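Peer 1:
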Amino acid sequence: MAREQPITVAKSSLTVKPTNDWNRWSRRPSKKGELWTLDGLNLNELTFFAGVVSGEALYKERNKKDKPLPKFDPKMLAPDIVQMFEASNRIILETSLFEIDSVEPAKLGGHDGVHFTYHYTIQADEVRRKGDARAAIVDGKLYLINFVAPAIHYYDASIAEVRAIMDNASI
Amino acid sequence: MTFASCRHVAGAVLGVMALLTGTVAQAGQAVEAAVPSAIGYQPRDADERGLWMEMEEAERELRNSNFVVHDPALNAYVKGVLCRTVGEMRCSAARIYIVRTPYFNASMAPNGMMQVWTGLLLRTRNEAQLAAVLGHEFGHFEKRHSLRLFREVRSKTDAMAWLSFLPYGVGLLAQLGTLGSIFSFSRDMEREADVESIAYLTSGGYTPGQASAIWAQLRDEQDATAAERKVRSRKDKNGGFFASHPNSGERMLYLAALASSATAATRTGDAEYRDAMALWWAPLIDDQIKLNDFGATEFLLGRLAGSGWTSELLYARGELYRTRGGDGDFAKAAGFYRDAIALGSTLPEARRGLGLALLRTGAIEQGRTMLKDYVKLKPDAGDRAMMAMLAGGI
Amino acid sequence: MLRVLATPLLAALVMFAAPAHAQAEKSASKSGFSLPATGPVKIVVFRPDVHVGEQSTGGLNEPNADWTAEARKQIGIALEKAQKSKSNDLVLMPELEGEQGVLLADYRSLFKTVTNAVLVHKLFPGNRLPTKKETFNWTLGSGTSQLAQISGGDYGLFIYTYDSYGSAGRKAAQLVGAMFGVGISSGVHTGYAGLVDLKTGELVWINADAQMGGDVRDAVGADKRVSQLLEDFPTRAGTAVTAAQ
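Residue numbers (the working numbering), protein chains in the order written: chain W, 8 to 178; chain Y, 422 to 815; chain V, 724 to 968.
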């Protein structure tokens with residue numbers, strides 16, 4: 008992907024400017040999502056969700072009947088968005104070791120939103136991962152940028168650039 | 422082998438099928454040196470040594486797993502229940518690992534490595550029920566069911582490989598038949614282990630009817646899940662032709678029948694169990710709420726509140742309703758949080774929950790007041806900045 | 724992440740034997756990397772993951788404790804010999820307890836995850852990353868220097884081998900299958916090895932092979948296996964360089 012060029016993601020108006028050579032992943036986490044990685048999805052994963060609407064789940068539901076995911080509601084407050092994110096991830100990753108570390112007001116694309124950090128471990132690989140996400144509701148739709156990487160080395164290596172991407176995103 | 426047919430496998434830690442062996446210990450029978458629980462027992466042949474070795478490698482990893490619960494008090498309690506159930510001499514053969522995962526299951530490997538999932542601890546209501554599960558698992562271990570199943574699978578898959586050379590239709594049907602018989606073998610061993618669990622319960626002094634109660638509870642929970650989702654209950658979506666375990670309804674019935682003809686024993690250990698779990702309810706219910714299964718969680722909370730709604734349970738109910746956030750849920754949630762606080766809850770999170778619920782119902786001023794209380798009570802909260810802003814700025 | 728990929732390739736290596744015609748082995752190393760020309764090079768071996776069993780007629784692996792124990796021993800000896808011949812010193816990573824034990828476990832897990840990324844996104848087709856086509860740069864992070872301190876090693880070597888020897892029944896089925904025109908593989912022999920610069924955390928070399936040779940249950944076979952595992956292992960600067968990548 009070209010550096011320093013604005014790139015629209017998730018087939019939407021969400022536009023970001025990377026400074027590193029990210030790779031766009033061919034498979035999408037959902038209809039409204041897009042995945043980028045530097046070294047491999049299990050090492051650094053940058054996800055963009057754009058225009059999630061009322062009643063829609065954040066991720067593609069693999070098992071609608073037995074493991075339905077929580078759905079977005081435009082009336083959600085910031086803590087509700089964080090809750091929805093946490094529950095969605097706990098279900099998809101099948102883990103109980105998921106903790107939200109911090110939640111604070113922030114802007115995304117100039118709109119009021121939320122910035123939160125978290126950490127989790129999944130049983131399949133026992134690697135402790137840290138995450139950082141920014142979200143906002145614009146015209147009743149959810150926009151969310153999420154970055155996850157192993158706590159050892161990978162999170163710190165990219166977090167500064169990722170935060171810059173989030174700071175300079177435009178919707 | 423596992424207690425329930427569960428597709429939520431505890432990760433790559435268990436590479437080989439986790440195998441249970443059954444114990445058929447009649448009360449009073451002497452323990453021979455040939456049973457796995459005997460001190461100094463060594464695996465007897467190449468197959469068994471191989472399985473033990475794989476399990477030893479798996480146990481090495483499990484020991485280091487982030488998901489193992491190390492709380493000494495809880496571990497001591499569960500171990501104590503096992504020893505009461507199968508006897509002090511036998512129980513030393515088992516190493517118990519409590520694993521933090523919200524699903525209902527337990528397992529025991531042929532080398533004595535036992536896993537109990539926290540989702541199970543949330544669902545067994547008393548000591549007798551926990552004893553029934555532990556006894557069932559230990560039963561598989563003593564009877565070396567793992568080994569028998571492994572040999573069965575091996576010989577039948579050998580047969581299947583040969584059958585695959587037969588002309589298409591015949592070969593395929595025969596293969597399905599063989600495959601089915603493998604699962605049938607597994608179900609027979611599960612029934613055996615269930616029978617063992619009754620014997621263990623009575624010799625441990627526990628009410629044998631509690632073994633059947635576990636399945637009745639689980640089936641009711643599955644009904645509750647389905648009712649809320651407005652779909653058909655999945656309680657009977659188990660125990661079919663290709664199932665490793667008998668249908669849960671069938672288990673419930675034959676366990677009840679066995680219990681009625683077993684020696685009467687009366688200990689259920691309700692109070693002891695509640696005391697042992699006291700510090701764990703909050704995190705385990707939190708895990709459960711985050712599964713996004715309203716019906717099951719409401720059901721479990723209701724049953725836990727059998728002897729009265731405590732402030733902790735009311736807080737949990739508030740969280741449950743607020744998380745679902747459907748029509749009328751926020752108002753109901755606010756009510757539960759208020760009740761919790763009225764009952765004396767000092768949890769800052771109860772104020773947080775109430776504040777957020779009130780904001781969603783449109784009671785802005787009241788909501789803000791509550792959030793201000795939360796921030797005051799928990800100045801180092803990770804979400805302090807957000808809550809302070811929602812409270813109107815502090 | 725893992726939720727998007729079907730199965731980590733590592734698991735796939737174990738579960739499926741590669742068809743005979745597919746390229747089964749791949750290795751990669753940091754471009755231009757070589758070990759110092761002179762002076763001692765201390766390589767710490769982390770407890771190798773060794774699994775040896777027999778593949779039943781039906782394809783089921785039966786773990787064999789005796790074979791695995793023997794293989795572990797033979798591979799250890801062969802590794803020692805191989806590294807000595809390259810003038811490197813080999814030491815075993817000791818068993819660690821407490822905080823150090825957790826540190827070691829964390830790095831072992833991370834190594835597996837990084838290896839997975841390399842296999843999936845560079846070595847084997849299907850999910851290759853464009854930015855990794857020309858380069859090979861993966862790391863565990865400079866925190867590995869803690870492991871260097873504990874063990875006294877300059878480099879860390881991770882080894883994984885999995886063998887399931889086709890039983891007589893399986894081999895017979897293979898023959899019968901051939902008669903019926905049905906391809907049945909016999910035996911699974913996969914493995915990988917990776918070398919990490921413990922000072923910097925960089926993965927300097929990796930080799931993966933889905934069709935390994937050498938019967939690991941005896942000394943001669945273990946030698947062969949180890950030489951395959953260590954294919955294209957970094958050489959000392961100034962010695963003959965084998966084709967990189």
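Backbone N, C-alpha and C define an ideal beta-carbon position, used for all residues, glycine too.
Keep in mind it's a predicted model, so treat the numbers as computed, not measured.
1) Give the residues of chain V in contact with glutamate 475/Y, contact being defined as C-beta atoms less than 8 Å apart.
2) Where lysine 675/V and leucine 846/V are concerned, what is the direct C-alpha to C-alpha distance, given to the nearest angstrom?
3) Please report whether the beta-carbon of leucine 50/W lies at a distance below 8 Å from any beta-carbon of chain V.
4) Residue ranges of each alpha helix (DSSP H) run of no fewer than 4 residues wholly in the segment 41-121 of chain W, ordered along the chain?
5) Please confirm if the segment 856-872 of chain V is in contact with the segment 947-964 of chain V, defined as three or more CB-CB distances below 8 Å between the two stretches.
6) Do arginine 743/Y and alanine 778/Y have their C-beta atoms closer together than 8 Å?
7) Would you kindly work out how many angstroms separate the C-alpha atoms of alanine 802/Y and glutamate 106/W, rounded to a whole number?
8) Would you mind stating whether arginine 759/Y and methionine 808/Y have Cβ atoms separated by less than 8 Å?
9) What does the alpha-carbon distance come out to for the pair threonine 54/W and aspartate 707/Y?
10) Is glycine 746/Y buried or exposed, if buried means 16 or more other CB atoms sit within 10 Å of its CB?
11) Threonine 836/V and leucine 48/W: beta carbons closer than 8 Å?
12) Threonine 124/W versus chain V: which residues are under 8 Å apart at the beta carbon?
13) Classify histidine 744/V: buried if its beta carbon has 16 or more other beta carbons within 10 angstroms, exposed otherwise.
14) When you compare the CB positions of glycine 58/W and lysine 72/W, do they come within less than 8 Å of one another, or not?
15) Under 8 Å between beta-carbons, which chain V residues line up against glycine 138/W? List them in chain order, please.
16) At what residue ranges does the segment 476-520 of chain Y contain a whole run of the alpha helix (DSSP H), taking only runs of 4 or more?
17) Kindly indicate the opening and closing residues of the alpha helix (DSSP H) around threonine 838/V.
18) Among Lys577/Y, His566/Y, Val490/Y, which residue has its Cα nearest to the Cα of tryptophan 539/Y?
19) Quick check: alanine 677/Y and glycine 630/Y, are their CB atoms within less than 8 Å of each other?
20) Hey, quick one: how far does the beta strand (DSSP E) through arginine 136/W stretch, first residue to last?
21) On the DSSP bridge assignment, give the partners of isoleucine 766/V in chain order.
22) Can you give me the start and stop residues for the beta strand (DSSP E) that lysine 793/Y sits inside?
23) Just checking: is the beta-carbon of proline 800/Y within a distance shorter than 8 Å of some beta-carbon in chain W?
24) Quick test of the definition: if touching needs 3 or more C-beta pairs under 8 Å, does the segment 137-152 of chain W touch the segment 119-127 of chain W?
25) Beta carbons nearer than 9 Å to chain W: which residues of the segment 870-895 of chain V have them?
26) Can you tell me whether lysine 82/W is buried or exposed? The criterion is at least 16 other CB atoms within 10 Å of its CB, across all chains shown.
27) Could you have a look at proline 786/V and say whether DSSP puts it in helix, strand or coil?
28) Just checking, does the segment 802-821 of chain V make contact with the segment 758-765 of chain V on the three C-beta pairs under 8 Å criterion?
29) Mapping the DSSP letters down to three states, classify tyrosine 915/V as helix, strand or coil.
30) Can you check which of these residues, Ala158/W, Asn153/W, Tyr150/W, Phe154/W, is closest to glutamate 133/W by C-alpha distance?
31) If you draw a straight line from the C-alpha of arginine 170/W to the C-alpha of phenylalanine 769/V, how long is it?
32) Taking asparagine 485/Y as the query, report the chain V residues whose CB atoms sit under 8 Å from its CB, ordered along the chain.
33) Can you tell me where the alpha helix (DSSP H) with valine 943/V in it begins and where it stops?
34) Of all the options Gly783/Y, Phe525/Y, Asn668/Y, which has the alpha carbon lying nearest to the alpha carbon of glycine 749/Y?
35) Considering Cα atoms alone, identify which of Gly501/Y, Arg521/Y, Ser458/Y is closest to valine 483/Y.
36) Is DSSP giving glutamine 934/V helix, strand or coil here?
Peer 2: Here's the rundown:
1) His774, Pro786
2) Since the first residue of chain V shown is 724 and the last is 968, residue 675/V is not available in this structure.
3) yes
4) 85-100
5) no
6) yes
7) 13 Å
8) no
9) 26 Å
10) buried
11) no
12) Here the premise fails: no neighbours, minimum Cβ distance about 17 Å.
13) Unreliable positioning characterises histidine 744/V in this predicted model, as indicated by a pLDDT of 40, which lies under 50. The coordinate reading is nonetheless provided below. So histidine 744/V counts as exposed.
14) no
15) Near glycine 138/W there are no residues of chain V at all, since even the closest Cβ is about 11 Å away, more than 8 Å.
16) 493-507, 509-512
17) 821-841
18) What sits at residue 539/Y in the sequence shown is threonine, not tryptophan. Nearest of Lys577/Y, His566/Y, Val490/Y to threonine 539/Y, Cα basis: Val490/Y.
19) yes
20) 135-145
21) Leu813/V, Tyr878/V
22) Counting along the chain, lysine 793/Y falls outside any beta strand (DSSP E), though it belongs to the alpha helix (DSSP H) covering 785-798.
23) no
24) yes
25) none
26) exposed
27) strand
28) yes
29) strand
30) Ala158/W
31) 36 Å
32) Gly824, Val825, Ala828
33) 942-952
34) Gly783/Y
35) Before going on, a small fix: residue 483/Y reads as leucine here, not valine. Considering only alpha carbons, the answer is Arg521/Y.
36) strand
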